[in-house]
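All remarks here apply to the structure that follows.
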Amino acid sequence: MAETFLLEIVTPARKLLSREVEEVSAPALMGEIGVLAGHAPMLTTLNPGVISYKKGSESGSLAVGRGYAEVLADKTTILVDTAELDSEIDAETARQSLAKSEDALKNLTPDDPGYQDALDAYDLAQARIRIKERHKG
Amino acid sequence: MPSLRDIKRRIKSVKNTQQITKAMKMVSAAKLKRAQDEIIAARPYAEKMLSLISSLAAKTPSESHPLLSAGTGESPKTTVIFITSDRGLCGSFNAVLMRTVERFLRESENAVNLYLIGKRGIEYFKRRDLEVVKSRPYGGARPNYGHAVEIAQEVINSFLRGEVNDVRIIYSEFKSALAQRPVVQRLLPITPEKPPEAEEFMVEMLFEPSKEAVLSSLLPKYVEVQVFRALLESSASEQGARMTAMDSASKNAAEMIGGLTLKYNRLRQAAITKELMEIIGGAEALKG
Numbered sequence: 003m004a005e006t007f008l009l010e011i012v013t014p015a016r017k018l019l020s021r022e023v024e025e026v027s028a029p030a031l032m033g034e035i036g037v038l039a040g041h042a043p044m045l046t047t048l049n050p051g052v053i054s055y056k057k058g059s060e061s062g063s064l065a066v067g068r069g070y071a072e073v074l075a076d077k078t079t080i081l082v083d084t085a086e087l088d089s090e091i092d093a094e095t096a097r098q099s100l101a102k103s104e105d106a107l108k109n110l111t112p113d114d115p116g117y118q119d120a121l122d123a124y125d126l127a128q129a130r131i132r133i134k135e136r137h138k139g
Numbered sequence: 645m646p647s648l649r650d651i652k653r654r655i656k657s658v659k660n661t662q663q664i665t666k667a668m669k670m671v672s673a674a675k676l677k678r679a680q681d682e683i684i685a686a687r688p689y690a691e692k693m694l695s696l697i698s699s700l701a702a703k704t705p706s707e708s709h710p711l712l713s714a715g716t717g718e719s720p721k722t723t724v725i726f727i728t729s730d731r732g733l734c735g736s737f738n739a740v741l742m743r744t745v746e747r748f749l750r751e752s753e754n755a756v757n758l759y760l761i762g763k764r765g766i767e768y769f770k771r772r773d774l775e776v777v778k779s780r781p782y783g784g785a786r787p788n789y790g791h792a793v794e795i796a797q798e799v800i801n802s803f804l805r806g807e808v809n810d811v812r813i814i815y816s817e818f819k820s821a822l823a824q825r826p827v828v829q830r831l832l833p834i835t836p837e838k839p840p841e842a843e844e845f846m847v848e849m850l851f852e853p854s855k856e857a858v859l860s861s862l863l864p865k866y867v868e869v870q871v872f873r874a875l876l877e878s879s880a881s882e883q884g885a886r887m888t889a890m891d892s893a894s895k896n897a898a899e900m901i902g903g904l905t906l907k908y909n910r911l912r913q914a915a916i917t918k919e920l921m922e923i924i925g926g927a928e929a930l931k932g
C-alpha cells in the first residue's frame, strides 16, 4: 500500500472533494505536475485542464478552471474557479462550448483583452471532452 | 360606531394580510436555508485563500504589488460598495444599512463615490447629490461568483488607474436569522492580517512560476472572494430579516384578529339583546 495524502478541491461555490489519495496530477502553469505523498511544499498556479487522482485501483478526474494548488507533505489543497467531477460533465454541452469558444478565439488576436478568457474557456471545454473520452475508452 | 358588517370586512382583510405574511415568512425561511448553505459552502475557499494571501504578503514588502500599497491618486478618494436588497418588507434591514452609510459619508474625510448594489440603495441615493459610479440591481438572481468577479474587476481597475485610493464595502453581516450587523470593511488596498503561524508555514516553499507572479494573480482573486462573501452574507441577512419581520407581522395580525372578533361578538350580542328587549316590550304593550 503506497502512502496516501489528503487531497482537497474547493471552488467558491462548494467543497468538491476531500479524500485520501496516492497520486495527483494537475495542470500547472509550466506543465503537468505529478504529486505523491511527501512532496516538497509548493505553491503554484494552475491552468484550465484535467486534474486526476488515484488511490489503489480507484481513480477519478475533474475538469477545472484557473486556480492554485498548495502542496504540503501530507496535504494538497486545490483552489479553482470552477470544477466538475467526471460524472457531472455532459459531453454534448462540452462539445457545444468547445465550438463556441473556438469561434470566439478565431475573432480575437492575442492582444485583445478577452483573448485570455476565451482561451481559458477553450482549454476547459477541451478538458471536459478529454475526460469524457477517456471514460468511454 | 362601526357596523357589524364593517368589522366583518376588517377581519377578513386582516386575515388576508396574515396569509400573505405567513407565506412570505415560509418562503424566506426556505431561501434563508439555501443562503446559509451557500455561505457554508463558500467558506473553505475563502479561508484557504485568506491564509495563502496572509502568509505570502507577510513575506513580501507591501510596495511589491500595487494592490497592497495605498493608491497613488492625487486627490484622495474613496469608493464605497453599498449592498442592499432589491425588495422591501424585510424590517429594518435596509434602514440600518442606510444609517451606516450615512454615518460613513459624514465621517469620511475623502471625497466619496458610490457603487450601489440592490434597488433599495439605488432608490435611496437617486435624489441625492452624490457621485454614483455604478448601480446594479440583483434582478432577482441569486448572487453568483460571476457577479462578484465583475464588481471586483471594476473597482480594481479604477484603483489601479489611480482614480480612487481606498475601496470600502458596506454590507450586512449574517450573524443569525435574528441578528444582522452592518459592517464597513476595507477592500483595497489589501491589508491582510499576519497570521501567527506564517513564519514556519512558509519555510522553503517552492513557487511556480515565482512568488511575485503567484501573488499578483492571487490578490485580485482575493478581492473577488471578499465581494462574493459580502454578497452571500447580505442575501442571507436579507432573508433572515424578512423572516423575522414577517413572523412578527403574522403575530400582530393574529392579535388584531382576536381583538376584532371579540368586538364583533360583543356587538352582535348587543344587537340580539336589543331586539329581544324590543320584542318583549312590544308584547307587553299589546297585552296591556
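First to last, the protein sequences are chains B and R.
The numbering of the first sequence is my numbering, which starts it at 3 and goes up by one.
The numbering of the second sequence is my numbering, which starts it at 645 and goes up by one.
Beta carbons: idealized from backbone N, C-alpha and C, even for Gly.
- Residue-level contact check: Val-12/B touches chain R, since one or more beta carbons of chain R fall below 9 Å from its beta carbon.
- The beta carbon of Met-890/R sits closer than 7 Å to those of Thr-665, Met-668, Lys-669 and Ser-672, all from its chain and outside the five residues before and after it, given in chain order.
- For Lys-895/R, the enclosing alpha helix (DSSP H) starts and ends at 855 to 931.
- Within chain B, the residues whose beta carbon sits less than 7 Å from that of Ser-861/R are Thr-47, listed in sequence order.
- Put simply, the backbone Cα of Leu-126/B is about 32 Å away from that of Ile-725/R.
- Contact holds between the stretch 692 to 702 of chain R and the stretch 829 to 836 of chain R, because three or more Cβ pairs, one in each stretch, are under 8 Å apart.
- In the DSSP assignment, Ser-816/R falls within the unbroken beta strand (DSSP E) covering 810 to 818.
- For Ala-792/R, the enclosing alpha helix (DSSP H) begins and ends at 789 to 804.
- Residues Glu-882, Ala-885, Arg-886 and Ala-889 of the same chain have their beta carbon placed closer than 6 Å to that of Cys-734/R, with the five preceding and five following residues left out of the count.
- Two segments are said to touch when three or more pairs of C-beta atoms, one from each, lie closer than 8 Å; by this definition the stretch 83 to 101 of chain B touches the stretch 64 to 73 of chain B.
- Proximity of chain R to Glu-72/B at the Cβ level (cut-off 7 Å) is accounted for by Leu-696, in chain order.
- Straight-line spacing of the CA atoms in Gln-824/R and Arg-812/R works out to 19 Å.
- Approximately 23 Å separates the beta-carbon atoms of Pro-14/B and Ala-674/R; this is outside 8 Å, ruling out the contact.
- Contact annotation for Met-900/R against chain B: no contact, minimum CB-CB distance about 43 Å [criterion: below 7 Å].
- For Tyr-689/R, the residues of chain B that pass the 7 Å Cβ criterion are Val-12, Thr-13, Pro-14 and Leu-81, in the order they occur in the chain.
- For Met-44/B, the enclosing beta strand (DSSP E) covers residues 44 to 48.
- Against chain B, the CB of Pro-853/R has a partner CB under 9 Å away; the residue lies at that interface.
- In summary, the residues of the stretch 18 to 40 of chain B whose CB is separated from some CB of chain R by less than 7 Å are Ala-30, Leu-31 and Met-32, in the order they occur in the chain.
- Ala-93/B is outside the set of residues whose beta carbon lies under 9 Å from a beta carbon in chain R.
- The straight-line gap separating the alpha-carbon atoms of Ala-690/R and Leu-19/B is approximately 16 Å.
- Apart from the 5 residues on each side of it in sequence, Glu-25/B sits with its Cβ closer than 6 Å to the Cβ of Leu-38 and Lys-56 in its chain, given in chain order.
- Note on geometry: alpha-carbon atoms of Val-52/B and Lys-778/R lie some 38 Å from one another.
- Leu-711/R places its beta carbon less than 9 Å from that of Val-867/R.
- Remark: C-beta atoms of Lys-721/R and Asn-801/R do not approach each other more closely than 9 Å.
- In the displayed model, Gly-116/B falls within coil according to three-state DSSP, outside both helix and strand.
- Annotation for Glu-34/B: no alpha helix (DSSP H) segment contains it, though the beta strand (DSSP E) segment containing it runs 33 to 38.
- Under DSSP, Ile-725/R forms a beta bridge with Tyr-759/R and Ile-813/R.
- Interface residue (Cβ-Cβ distance to chain R less than 9 Å): Ala-4/B is not classified as such.
- Where Arg-743/R is concerned, the enclosing alpha helix (DSSP H) starts and stops at 737 to 751.
- Spanning the alpha carbons of Leu-31/B and Ser-103/B requires a straight line of approximately 21 Å.
- Note on Pro-112/B: under 16 other CB atoms within 10 angstroms of its CB, so exposed under the neighbour-count rule.
- In this structure, the beta-carbon distance from Leu-8/B to Arg-21/B falls below 9 Å.
- Identification of residues in the stretch 788 to 801 of chain R having a C-beta nearer than 7 Å to some C-beta of chain B yields Tyr-789, given in sequence order.
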